[in-house]
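> Chains A and B are the protein sequences, given in the same order.
Each number in our numbering corresponds to the 1-based position in the first sequence with 450 added.
Each number in our numbering corresponds to the 1-based position in the second sequence with 1125 added.
Each residue gets a CB set at the ideal place from its N, CA and C atoms; glycine is no exception.
Before anything else, here's the structure in question.
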Amino acid sequence: MPPTPDLSDVPIFGHLDDDERAEFEELSEPVSFEAGQKILEEGAPESRLFVLTSGTVEVYKSVLPGRRQRLATIEAPTVIGEMGLLTEPRAAASVEAITRVEAHGLGRDRLLEMLDANSPAACKLVYEIGRTLAERMAATNETVAEVISRLENTNARGSEDIDVFRDQLVQDWSF
Amino acid sequence: MEETLREVRFFEFLTEEEREEFAQVSEPVSFGPGENIIEEGVDQGSLFVLVSGTVEVRKGLSGERSRLLAEIDSSRGRTVVGERGLLGESGASATVRTVGEVEAIRIPRDTFRSMVAEGRPAAFKLSYRIARTLARRLTRLDEEVVEAIRELEHRGETDMEAFRDRLITDWSV
């Protein structure tokens, strides 16, 4: 039995009215993942945005070959794959279910068609995604500033600090 | 004012009617030499279209020092600064200071949000445009950092200055 869609619990859908949410619920396809199953694979095409309604996922990236850099553990309700709507539809990181996950998949192409047609529901969704990106950009700018000052200190002190610099960069960057 | 917005690449995706909508809510503003249009750390909440004059974008460092991130000469093409402030509420991450006299057009966030609340397509199109710009910058920065980490790991000839410059390019105030 598919889960009951309940997008109102998901922050970026919270500003939509009931009719607009119903529009997305109609378009979305219920999907579930077992623990250990990959939802998105780094570098692979990102054809859907997933609205997770229950469960927990881990986000990771292979920054260095053979090593899995864990970026975040995220609990539902949340949205993943939303960047694919705004940039190249290619996953920048992998997302794996660490518990059973219930989700709704929304096709990227259909969402883009809705945006082209000025659908209020799609426009509001992108506006909310944009607001989260604006905050993420602000945080990234601060990290960039820190990286730059550290970089200059490293240069001044010599090459022995390069390893420390690299490790801190892996640690601090939120990707 | 609609005429002015038409010459801005950032607004070229809007129809003439939509640009007119923005022209109606925009305010012309003038700044003297050495004035801050946007101040680092302060939530300025407006987008500015630079119509004439030159500005410097500076990031404060520890102590009294600051780093010049960019110099924008509006005679080379009308540029937009502070677009992130229309969507987000965090303080600006750099200061935009005039070099000489500067004429600009201001679109305040409150006005923009009223347009969003009214469901006006022009406002949503602008948010989509800003969101795409931010998403691309974030993706590019991520790629730069991954590349630098991989080069450092392999002890390759990492040009740290070039890496730093690439991080600074296209700073989103």
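If you count every other CB in all the chains shown that lies within 10 Å of the CB of ARG1222(B), and 16 or more means buried, which is it?
buried
> Quick one: grab the DSSP three-state call for ARG550(A).
Three-state DSSP puts ARG550(A) in coil, outside helix and strand.
> Indicate the three-state DSSP secondary structure (helix, strand or coil) for VAL597(A) in the structure shown.
helix
> For the stretch 501-518 of chain A, which residues have a beta carbon sitting closer than 7 Å to at least one beta carbon of chain B?
Answer set for the stretch 501-518 of chain A: VAL513, LEU514.
> Please tell me whether SER1297(B) and PRO1233(B) are closer than 8 Å, where the distance is taken between their beta carbons.
no
> In whole angstroms, give me the CA-to-CA distance for ALA584(A) and LEU1212(B).
About 6 Å.
> Three or more C-beta pairs closer than 8 Å, one from the stretch 1186-1200 of chain B and one from the stretch 1126-1145 of chain B: is that the case here?
no
> Just to confirm my understanding: we take THR1220(B), look at its own chain, exclude 5 residues before and 5 after, and list those with CB closer than 6 Å. What are they?
ASN1161, GLU1164, GLU1165, ARG1183
> Counting only beta-carbon separations shorter than 8 Å, does ILE612(A) have a partner in chain B?
Yes, ILE612(A) counts as interfacial toward chain B.
> Between the stretch 1252-1271 of chain B and chain A, which residues of the former have CB atoms less than 8 Å from a CB of the latter, in chain order?
SER1252, TYR1253, ILE1255, ALA1256, ARG1257, LEU1259, ALA1260, ARG1261, ARG1262, LEU1263, THR1264, LEU1266, ASP1267, VAL1270, VAL1271
> Looking at the structure shown, is PHE1138(B) part of a helix, part of a strand, or coil, going by DSSP?
Correct three-state label for PHE1138(B): coil.
> How long is the line joining the alpha carbons of MET1126(B) and ARG1254(B), rounded to whole angstroms?
20 Å
> List, in order along the chain, the chain B residues whose C-beta lies closer than 9 Å to that of PRO399(A)?
Summary: the structure shown does not reach residue 399(A), with chain A confined to residues 451 through 625, and so no result is reported for it.
> So is GLN1169(B) buried or exposed if we call it buried at 16+ other beta carbons inside 10 Å?
Counting other Cβ atoms within 10 Å of its Cβ, GLN1169(B) reaches 16 or more and is therefore classed as buried.
> What did DSSP end up calling LEU1263(B) once you bin it into helix, strand or coil?
helix
> So that I know if they touch, is there some Cβ in chain B lying closer than 8 Å to that of ALA542(A)?
yes
> Could you please give me the residues that DSSP links to LYS1184(B) through a beta bridge?
Answer is ARG1192(B).
> What residue range does the beta strand (DSSP E) around GLU1228(B) cover?
1227-1233
> Whose Cβ in chain A lies nearer than 8 Å to the Cβ of MET1126(B)?
The contacting residues do not exist; MET1126(B) stays about 24 Å from chain A at best.
> Measure the alpha-carbon distance for LEU1130(B) versus GLU1278(B) and round it to whole angstroms.
47 Å
> 8 Å is my cut-off, CB to CB: does ARG1289(B) come that close to chain A?
At a cut-off of 8 Å, the C-beta of ARG1289(B) has a neighbouring C-beta in chain A.
> What is the DSSP secondary structure of ARG518(A), counted as helix, strand or coil?
coil
> When DSSP builds the beta bridges, which residues end up paired with THR506(A)?
The partner list for THR506(A) (beta bridge, DSSP) reads GLU525(A).
> Which residues, in chain order, does the stretch 1182-1213 of chain B contribute to contact with chain A at a C-beta distance below 7 Å?
Residues passing the 7 Å Cβ filter: LYS1184, LEU1186, ARG1209, LEU1212, GLY1213.
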